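Position in the sequence shown counted from 1, then plus 18, gives you my numbering.
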Amino acid sequence: MKNVYHINYWSVLITILLSLTFWGGIIALPILGTIQIVISLIIINRFKTLTKTNRILFTSYAVLTVFLVIFFKQLKGEELGVLFMWAIVSLFLACFHLYITYNISKS
């Protein structure tokens with residue numbers, strides 16, 4: 019699981035750096051999302067081997083992600099402000115996922 023953390027770490031770091039140029043972040047976020055979905059599938063596959071704390075963290079992440087997807091689908095706005103808010107929330111969610119993979123790699 020250490021390799022998973024390192025892949026996630028570098029993906030998040032590159033996305034954050036690209037987000038300094040707004041449009042670079044918009045392009046990088048879907049790629050990061052795809053990488054984190056694959057990592058989440060790996061975590062789900064090994065869910066029973068996780069510590070209780072990591073299971074709670076990952077479950078919280080999954081519930082929060084579903085809630086945010088539903089929330090942003092309801093907005094239906096194509097405005098730049100909505101896009102900016104989506105990008106910021108996505109980066110915070112990516113950092114939470116990074117924290118979870120860090121905890122898993124340390125246990």
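C-beta atoms are modelled at their ideal positions from N, C-alpha and C, and glycine is treated no differently. Being a predicted model, the structure only gives us computed values, none of them experimental.
Query, Result
"Does the stretch 105-119 touch the stretch 54-61, meaning 3 or more C-beta pairs lie closer than 8 Å?", "yes"
"Quick one, are the C-beta atoms of residue 191 and residue 50 less than 9 Å apart?", "Residue 191 lies beyond the range of the chain shown here (19 to 125); nothing can be said about it."
"Whole-angstrom Cβ separation of residue 111 and residue 82, contact assumed at under 8 Å?", "7 Å"
"Please state the DSSP three-state secondary structure of residue 94.", "coil"
"Check whether the Cβ atoms of residue 64 and residue 19 sit closer than 9 Å, and answer yes or no.", "yes"
"Taking DSSP as the reference, what is the three-state secondary structure of residue 73?", "helix"
"What is the rounded straight-line gap between the Cα of residue 38 and the Cα of residue 109?", "12 Å"
"Measure how close the beta-carbons of residue 104 and residue 90 come, nearest whole angstrom, since I'm counting them as under 8 Å.", "6 Å"
"Note the first and the last residue of the continuous alpha helix (DSSP H) segment covering residue 52.", "40-63"
"Cβ atoms of residue 79 and residue 40: under 9 Å apart, would you say?", "no"
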